[in-house]
Amino acid sequence: MKSKHYMPEKLQSPELELQDKMLWFERVKSKIPPHFHGHDRNDKKLTAEQFFNKELRTSATEWIKRTSEGCTVVAVLIATVAFAAAYTVPGGPNSQAGTPVLVNKPFFVVFTATDVLSLSFALTSVVIFLSIVSSPFRFRDFKKSLPNKLMFGFTFLFLSVSMMMFAFGSTVLLMIQNRESWTKIILYAFSFLPVGIFALAYFPLFISLSVTYKYLLKKLRWVIP
1 MKSKHYMPEK LQSPELELQD KMLWFERVKS KIPPHFHGHD RNDKKLTAEQ FFNKELRTSA
61 TEWIKRTSEG CTVVAVLIAT VAFAAAYTVP GGPNSQAGTP VLVNKPFFVV FTATDVLSLS
121 FALTSVVIFL SIVSSPFRFR DFKKSLPNKL MFGFTFLFLS VSMMMFAFGS TVLLMIQNRE
181 SWTKIILYAF SFLPVGIFAL AYFPLFISLS VTYKYLLKKL RWVIP
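Numbering (full-length UniProt numbering), first residue to last: 1 to 225.
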């Protein structure tokens, strides 16, 4: 294999490492004469798929379960906050008409839209991560299905956090609209601090997933004649 196809430093998790080795497994299998495929059990009655990287498969399963469960908790918390925010609008309701007091303000529309988007993205990521946790973790799932779900789950979770911060920032601007402009800038900057922390914590893994995904697409063309 040429050096341009090899990039172990990009594989930062057991799941991605297993995904990479699976392509090697398929490459070797494609080189074996077809008449040997019917005799694919060893002396322990295990197939090649069952015997292949058994310890790494166990580590990959545990890692992806822990990651998905942790992200599910975060997404549920965000969905809870976004749902509660929809019923506690900034400024409160009009005592007579029952409509929000600040409904005619431009940032109120921003608050409503971003809160709805945050809730939608959070629930979507919950569904994706739950589908990962409940997956049977078959050998072929580690090749494409699980990495794709994990990448989409991270994407929707990050979008949910970002929309929640936009909603929070809109609320801040609605409540301090008569203050000095520098005050608004400082408060808005601090409102996005959690987004930066979240990005620093999870973006390395997300970038690893996305880069490895592109790398594996190129490698598939090399593996499959």
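Note that beta-carbon positions come from the ideal geometry of N, C-alpha and C, so glycine has one too.
Look up residue i in the DSSP assignment and say whether it is helix, strand or coil.
i: Phe-139; result: helix
i: Val-89; result: coil
i: Lys-149; result: helix
i: Lys-65; result: helix
i: Ser-134; result: coil
i: Ser-120; result: helix
i: Ala-75; result: helix
Taking the alpha-carbon of residue i as reference, which of the options has the nearest alpha-carbon?
i: Pro-106; options: Gly-196, Thr-155, Met-175; result: Met-175
i: Ala-86; options: Lys-149, Val-73, Val-110; result: Val-110
i: Ala-197; options: Ile-186, Phe-129, Leu-187, Phe-158; result: Just to set this straight, residue 197 is Ile in the shown sequence, not Ala. Of Ile-186, Phe-129, Leu-187, Phe-158, the residue nearest in Cα terms is Phe-158.
i: Trp-63; options: Ala-189, Pro-147, Ile-185; result: Pro-147
i: Thr-67; options: Ser-131, Glu-55, Leu-193; result: Ser-131
i: Cys-71; options: Leu-150, Phe-190, Val-89, Glu-55; result: Leu-150
i: Ser-135; options: Phe-190, Lys-65, Ala-189; result: Lys-65
Could you check how far apart the C-beta atoms of residue i and residue j are, in whole angstroms? I think they sit under 8 Å.
i: Glu-69; j: Val-133; result: 6 Å
i: Ser-118; j: Ser-160; result: 5 Å
i: Thr-124; j: Phe-154; result: Between Phe-154 and Thr-124 the Cβ distance is about 12 Å, and since that is not below 8 Å, they are no contact.
i: Ala-201; j: Phe-129; result: About 16 Å; that fails the 8 Å criterion.
i: Phe-137; j: Thr-61; result: 5 Å
i: Ile-185; j: Ala-122; result: With a Cβ gap of about 28 Å, Ile-185 and Ala-122 do not count as contacting.
- Message: Three or more C-beta pairs under 8 Å: does that hold for the stretch 165-175 against the stretch 140-152?
- Response: no
- Query: Touching or not, the stretch 112-124 and the stretch 146-166, by the rule of three or more beta carbon pairs under 8 Å?
  - Reply: yes
- Query: So, do the stretch 82-91 and the stretch 124-143 have three or more beta carbon pairs nearer to each other than 8 Å?
  - Reply: no
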